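Asker: I am attaching a structure below and will ask some questions about it afterwards.
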Amino acid sequence: QQTLSVGASSRVFRALDTVSNRTVALKFPEWALSPGLSSAAALNHPNIVRIYGFGDHEGTPVIVMEYIEGDNLRTLRDRKPGLSLPDKLRIMLQVAEGLAYAHGHGVIHSNLRPSSILWGQDRVAKILNFGAPPGREPRYWEPQLFAGQPPDAQSDIFSWGAICYELFAGKYPFDNLKPWQDVSGDVPALAPLVPPALGPIVMKATAADRDLRYRRFPDLLLDLRASTFEIERQHRIFVLLKQYRELLEA
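Residues 4 to 253, numbered by this note's numbering, are exactly what the sequence shown covers, in order.
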């Protein structure tokens, strides 16, 4: 058994399941297991961490999960050198696909944040912490949750947009204004965001007005996939211009 992480809300260990002879992650949460965990355990998608089982061990809740060799997005976000633009795009596309699947099966994450997204060594993104209660990181919540509105698909879309903004722009979108302080406000201008083709998608995902926000992930994915070619083209131009400037300065 090997310790993977110890946090304020849980402890996670790597262990060997001797019955299936596979490596698993054992999570001992500091919170009571929720009824929604059963629905989360039924999810089976390449971009969602599988839940093999859950229960009680000597009075302590435990969740048996798929073991992923990799790091969470919060760790990778702060690491130097950072993720490449194609990898950032791949991560957010795969996260959107995982959430679209979960929503299609009636499961809302409701607490999406960088630490609940894993990027494996096989370059596959995995979402974890489905069925967990709202955590101590409300910075990625939509404004309406602070008014007591129950989470739904649009809540996860807002969180996805805020994480995407932070990942690409290199800063949190609400540094000067917490999202719950002004329900009518939107994220700041996306001038620092690279590439520009992603801007309108992130802006629509994080619109404070729910009528202006994406309602479903399939709609967001339609726009994101259609923009992928242009995003990658803009990135190649950016890289070539950077190399050209470096040659001039050499």
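Backbone N, C-alpha and C define an ideal beta-carbon position, used for all residues, glycine too. Model, not experiment: these values are computed from the prediction.
Quick check: what's the CA-CA separation for THR209 versus ALA28?
Answerer: The alpha-carbon atoms of THR209 and ALA28 are separated by roughly 33 Å.
Asker: Can you tell me where the alpha helix (DSSP H) with THR231 in it begins and where it stops?
Answerer: From DSSP, the alpha helix (DSSP H) with THR231 extends over 220 to 252.
Asker: On the three-pair Cβ rule with 8 Å, is the stretch 60 to 70 touching the stretch 105 to 113?
Answerer: The stretch 60 to 70, when compared against the stretch 105 to 113, does not touch it at the 8 Å Cβ threshold.
Asker: On the three-pair Cβ rule with 8 Å, is the stretch 32 to 39 touching the stretch 49 to 56?
Answerer: Cβ pair count under 8 Å is below three, so no.
Asker: Just grab the DSSP bridge partners of THR26 for me.
Answerer: Answer is LEU19, bridged to THR26.
Asker: Identify, in the order they occur along the chain, each residue of the same chain with its Cβ nearer than 7 Å to the Cβ of LEU79, setting aside the five sequence neighbours on each side.
Answerer: Excluding sequence neighbours, LEU79 sits near LEU86 and TRP122.
Asker: Would you call the stretch 160 to 167 and the stretch 91 to 100 in contact, with 3 or more CB pairs under 8 Å?
Answerer: Cβ pair count under 8 Å is three or more, so yes.
Asker: What is the residue span of the alpha helix (DSSP H) that THR209 lies within?
Answerer: Taken as a continuous stretch (DSSP letters only), THR209 belongs to no alpha helix (DSSP H), as it is neither H nor E.
Asker: Considering only their Cβ atoms, is the gap separating LEU92 from ILE204 smaller than 8 Å?
Answerer: No, Cβ-Cβ distance for ILE204 and LEU92 is not below 8 Å.
Asker: Once DSSP output is grouped into helix, strand and coil, what is the label at LYS91?
Answerer: Note: LYS91 maps to helix in three-state DSSP.
Asker: Roughly how many angstroms separate the alpha carbons of LEU76 and LEU201, rounded to a whole number?
Answerer: Approximately 19 Å between the Cα atoms of the pair.
Asker: Are MET68 and ARG53 closer than 8 Å when you measure CB to CB?
Answerer: Against a cut-off of 8 Å, the Cβ pair of ARG53 and MET68 comes out as a contact.
Asker: May I ask you to list the residues that DSSP assigns as paired with HIS60?
Answerer: Its beta-bridge partners are THR63.
Asker: Buried or exposed: which applies to TRP34, given that a residue is buried once 16 or more other Cβ atoms fall within 10 Å of its Cβ?
Answerer: By the 10 Å Cβ count, TRP34 comes out exposed.
Asker: What residues in its chain sit with their C-beta under 7 Å from that of LEU19, if we drop five residues either side in the sequence?
Answerer: Contacts found: THR26.
Asker: What span of residues does the beta strand (DSSP E) with ASP74 cover, start to end?
Answerer: Unbroken beta strand (DSSP E) run through ASP74: 73 to 75.
Asker: Please report the distance separating the alpha-carbon of ARG14 from that of ARG248.
Answerer: Answer to the nearest angstrom: the Cα atoms are 48 Å apart.
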